[in-house]
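Below is one structure, written out as structure tokens; comments come after it.
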Amino acid sequence: RSSKGPSHMSSVLTAVQLEFFAENGYLILDAAFDADEVARMRADADAILELTLNSSVANGRRSGRLDMRSRPDGVVVVRKIQPINDLSVCLTQVAADERLVGPLAALMGDDPVLMEEKLNYKQPLAGPVDGIEARVMDDSFPVHNDWAYYRAQDYPQGILSSAVSMDACTLDSGPIRVWPGTHREHIEHESMSNGLQVTEGSLDFDGGVDVLAPPGSVMIFHALLVHNSRPNVSGRPRRLMIFSHYPKAADMGADVRNGPTRLRESPYEWEYQRRKARGEYVDTFTAPTTA
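In my numbering, the protein residues as written are 409 to 699.
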């Protein structure tokens with residue numbers, strides 16, 4: 409706990425909300441961001457998608473930010489792009505918005521410090537993108553908790569993540585599915601082809617609760633909370649902007665997890681922009697039009 413206590417306490421949660429989080433390990437904040445704000449997030453999400461894919465094609469190498477899959481049914485899906493804050497003023501501001509950090513501080517009892525951010529698109533494309541090979545695998549996420557990944561850098565278990573929805577999370581769009589109460593103790597994981605997964609038999613894989621939320625809502629969840637998501641079969645994107653914050657008292661430094669990727673990818677993105685400005689490259693990819 410910080411000696412001075414959290415400085416972001418204007419967004420105080422109710423006793424009911426605090427109790428729900430303590431019991432279940434997650435909390436939904438409905439309509440935290442309005443329609444105009446969501447529209448700006450979507451516009452930046454489209455711009456980041458276009459930048460990442462076009463720079464990959466222009467440079468003849470897949471961006472290290474990009475996770476793209478070719479599902480068994482033939483649909484090509486951008487699963488996620490990470491990191492993204494250095495590519496968007498709008499989303500950088502959301503990461504520090506009082507409507508986000510206020511509730512985080514109330515739950516942590518400390519100032520939240522941003523440690524990671526990623527945009528989980530689950531964005532179906534019109535077809536393959538020439539020049540970018542996509543792994544043949546579905547766009548689901550395994551049954552896991554985030555600390556199984558964070559522990560490699562000795563991050564504390566008190567990390568909280570927040571998923572800001574840009575699109576409606578419906579049953580057919582592959583929403584986040586959570587196992588309430590699993591945040592109380594870490595469950596061991598094993599390596600799978602698509603990431604880490606809790607060990608077989610440690611919980612009921614057919615259990616869990618789908619988190620269905622409208623655009624502009626925020627889901628806050630504990631780093632130990634077990635969750636996953638199924639493939640998006642809606643034909644629409646299911647964009648979730650996910651931020652992860654650690655308690656300031658942990659003093660883990662700035663941008664330790666995402667910084668190396670930013671430094672590695674930035675020169676290639678600037679090279680793409682320069683080639684485009686000189687007329688040596690014309691964009692081949694445009695973000696799909698969505699409502």
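The C-beta atom is built at its ideal place from N, Cα and C for all residues, glycine as well.
Per DSSP, the continuous beta strand (DSSP E) segment holding K530 begins and ends at P520 to P532.
Around the beta carbon of G687, fewer than 16 other beta carbons sit within 10 angstroms, so the residue counts as exposed. When the Cα atoms are used, M649 and A453 turn out to be separated by approximately 9 Å. If you look at Q501, you'll find it in the alpha helix (DSSP H) that goes V497 to A503. Per DSSP, the continuous beta strand (DSSP E) segment holding S637 begins and ends at H635 to S637.
Within the same chain, and ignoring the five residues on either side of E458 in sequence, the residues whose Cβ sits closer than 8 Å to its Cβ are D691, F693, T694 and A695. Where E608 is concerned, there is no enclosing beta strand (DSSP E), because DSSP gives it neither an H nor an E. With three or more CB-CB distances shorter than 8 Å, the stretch 478-496 counts as touching the stretch 529-537. Counting only residues of its own chain and dropping the five nearest sequence neighbours on each side, S478 has a CB closer than 6 Å to the CB of V484, A542 and V544. Excluding sequence positions up to five before and after A621, its CB lies within less than 7 Å of the CB of I436, S573, C577 and M627, all in the same chain and listed in chain order. With contacts defined by Cβ atoms closer than 8 Å, H597 and V586 do not form a contacting pair. Within 10 angstroms of the beta-carbon of L579 lie fewer than 16 other beta-carbons, which makes it exposed.
Between E431 and the set D618, H630 and L461, the nearest pair of CA atoms involves H630.
By the Cβ criterion, the stretch 521-529 is in contact with the stretch 650-659, since at least three pairs of Cβ atoms, one from each stretch, lie closer than 8 Å.
If you check the CB distance, N467 and E679 come in under 8 Å. With contacts defined by Cβ atoms closer than 8 Å, S637 and I584 form a contacting pair. L671 sits exposed, since fewer than 16 C-beta atoms from the chains shown fall within 10 Å of its C-beta. The beta-bridge partner set that DSSP reports for D475 consists of K488. By the Cβ-count criterion, V497 is exposed, with fewer than 16 other Cβ atoms from all chains shown falling within 10 Å of its own Cβ.
The three-state secondary structure of H597, taken from DSSP, is strand. For R585, the enclosing beta strand (DSSP E) has its first and last residue at I584 to V586. A distance below 8 Å separates the beta carbons of H591 and L633.
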